[in-house]
Amino acid sequence: MKKAAQRIYYGKALTELASRNDIVVLDADLGWSTRTSDFAKVAKERFIQIGIAEQNMIGVAAGLAAAGKTVFASTFAVFATGRCWEQIRQAVAYPKLNVKIVATHCGISVGGDGASHQALEDIAIMRALPNMTVISPADANEAYAATMAIADHEGPCYMRMGRADFPIITPENVKFEIGKATVMREGKDVTLIGTGQMVTSCLEAADALGEKGISAEVINVSTIKPLDAEAIITSVSKTKCAVTAEEHSIIGGLGSAVAECLADRRPTPLERVGVNDTFGESGEPNELMKKYGLTTDDVVNAAENVIKRKKVRK
Numbered sequence: 003m004k005k006a007a008q009r010i011y012y013g014k015a016l017t018e019l020a021s022r023n024d025i026v027v028l029d030a031d032l033g034w035s036t037r038t039s040d041f042a043k044v045a046k047e048r049f050i051q052i053g054i055a056e057q058n059m060i061g062v063a064a065g066l067a068a069a070g071k072t073v074f075a076s077t078f079a080v081f082a083t084g085r086c087w088e089q090i091r092q093a094v095a096y097p098k099l100n101v102k103i104v105a106t107h108c109g110i111s112v113g114g115d116g117a118s119h120q121a122l123e124d125i126a127i128m129r130a131l132p133n134m135t136v137i138s139p140a141d142a143n144e145a146y147a148a149t150m151a152i153a154d155h156e157g158p159c160y161m162r163m164g165r166a167d168f169p170i171i172t173p174e175n176v177k178f179e180i181g182k183a184t185v186m187r188e189g190k191d192v193t194l195i196g197t198g199q200m201v202t203s204c205l206e207a208a209d210a211l212g213e214k215g216i217s218a219e220v221i222n223v224s225t226i227k228p229l230d231a232e233a234i235i236t237s238v239s240k241t242k243c244a245v246t247a248e249e250h251s252i253i254g255g256l257g258s259a260v261a262e263c264l265a266d267r268r269p270t271p272l273e274r275v276g277v278n279d280t281f282g283e284s285g286e287p288n289e290l291m292k293k294y295g296l297t298t299d300d301v302v303n304a305a306e307n308v309i310k311r312k313k314v315r316k
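Residues in the sequence shown are numbered consecutively from 3, following my numbering.
Below you can see the structure in the form of structure tokens.
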């Protein structure tokens, strides 16, 4: 299966957007890592290297957006959502400005950089803000399509991407619609709801479950806010149980969003696969994914557990 880094395709999308005079790109001294440097090569006059000053970057982004620009501001996720949260709240989300905060190096798979750089709470932080759209693409193709989509979307957006190469599971010309989930595979026994690279794990888990005679439906939730509640409710109405999977804390992320949706609309047995309220550590990405319970096997086990709960409930 072909793999590619989402951030590479983000850079590709930015170069395509460079033909639009309203697009301005900001970075916090990480242009090569975030790939905003690709935009700088074709539109240097609209690229601003702020330096290691993330709070200032958001302030500048807000000012440019207030003047009519569509602004992309990028850095690592721990800095993009943590260090400058107050600036995002007061200067971007509150006035509903057209700032797109696109962060790389999310999740435990950042690897050797360790806990200080492994953003596991960024979805929770951003989805709690009014007016903020939160996106987590499944692969590089979706990262490209999502970048183009948020450029046309009026209002604040946060998009998270990983550091490593992910399997490509969507077509090259995938259509991305903000607020819409995608049914990747139909099934009748359990609903697997993934976001980011964990969508691949959900698809692999569906294969493994199929070998055991279990039919799993797989949903890619690449927009976490606004959540596509109808797609989730439609699926669990059929399967009667669900598993969420995310490279994020189980607190406040996709699992919490789905749990809230089900509690409000259709109480359903639910298992959440994610990092269980802990910081990460340095290590090889695959080894960390295994240690912190973010593998295909973990999704399979969660599916089998929730199916047992469903049967008991009957």
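Positions of the beta carbon are idealized from the N, C-alpha and C atoms, including for glycine.
Buried versus exposed call for Gln199 [16 or more other C-beta atoms within 10 Å across all chains shown]: buried
In terms of residue numbering, what span does the alpha helix (DSSP H) encompassing Glu18 cover? Gln8 to Leu19
Can you give me the Cβ contacts of Leu205 inside the same chain, cut-off strictly under 7 Å, excluding the 5 residues immediately before and after it? Ile171, Met186, Arg187 and Val220
Roughly how many angstroms lie between the CA atoms of Arg162 and His250, to the nearest whole one? 11 Å
Tell me, please, which residues DSSP counts as bridged to Gln51. Asp29
What separation, rounded to the nearest whole angstrom, lies between the Cα atoms of Asn288 and Leu296? 9 Å
Could you name the residues that DSSP lists as bridge partners for Glu273? Val245
So which of Thr280, Thr38 and Ser224 has the shortest CA-CA distance to Tyr11? Thr38
Start and end residues, beta strand (DSSP E) containing Cys159: Cys159 to Arg162
Ala6 and Ala148 closer than 8 Å at C-beta: no
Check whether Ile103 and Ala82 have beta carbons under 8 Å apart: yes
Could you check the C-alpha separation between Leu16 and Gly215 for me, to the nearest Å? 44 Å
Beta-carbon proximity of Ser224 to Ala140, cut-off 8 Å: yes
Leaving aside the five residues before and after Asp167 along the sequence, list all residues of the same chain whose C-beta is less than 7 Å from its C-beta, in chain order. Lys5, Ala6 and Ala7
Residue of Gly157, Ser111, Ile180 and Arg129 minimising C-alpha distance to Glu144: Ile180
Apart from the five residues on each side of it in sequence, which residues of its chain come closer than 7 Å, Cβ to Cβ, to Trp87? Ile127
Can you check whether the CB of Val27 is closer than 8 Å to the CB of Phe74? yes
Counting only runs that start and end within the region 195–274, where is the alpha helix (DSSP H) found for 4 or more residues in a row? 200–212, 231–241 and 256–267
Using a Cβ-Cβ cut-off of 6 Å (strictly less than) and excluding sequence neighbours within five positions of Ala151, which residues of its own chain qualify? Phe178 and Ile180
Look at the Cβ atom of Ala231, then the Cβ atom of Arg267, and state whether they are nearer than 8 Å. yes
Cα-Cα, which of Asp279, Leu256, Val136 and Tyr146 is closest to Ala95? Val136
State the start and end residues of the unbroken beta strand (DSSP E) segment that holds Ile103. Val101 to Thr106
Taking the alpha carbon of His119 as the reference point, which residue from Asp299, Glu18, Gly285 and Lys312 has its own alpha carbon closest? Gly285
Selected residue, minimal CA-CA separation from Gly138, among Asn303, Ala247, Met59 and Ile25: The amino acid occupying residue 138 in the given sequence is Ser; Gly does not appear at that position. Measuring from the Cα of Ser138, the nearest candidate turns out to be Ala247.
Near Ala210, which residues of its chain fall below 7 Å by C-beta distance, leaving aside the five closest residues on each side in sequence? Thr298 and Val302
Whole-angstrom Cβ separation of Ala244 and Val201, contact assumed at under 8 Å? With 8 Å as the limit, Ala244 and Val201 do not qualify as a contact, their Cβ atoms being about 14 Å apart.
What is the DSSP secondary structure of Lys293, reduced to helix, strand or coil? helix
Buried/exposed call for Asn23, threshold 16 Cβ in 10 Å: exposed
Classification of Val101 by the beta-carbon crowding that lies within 10 angstroms, buried from 16 upward: buried
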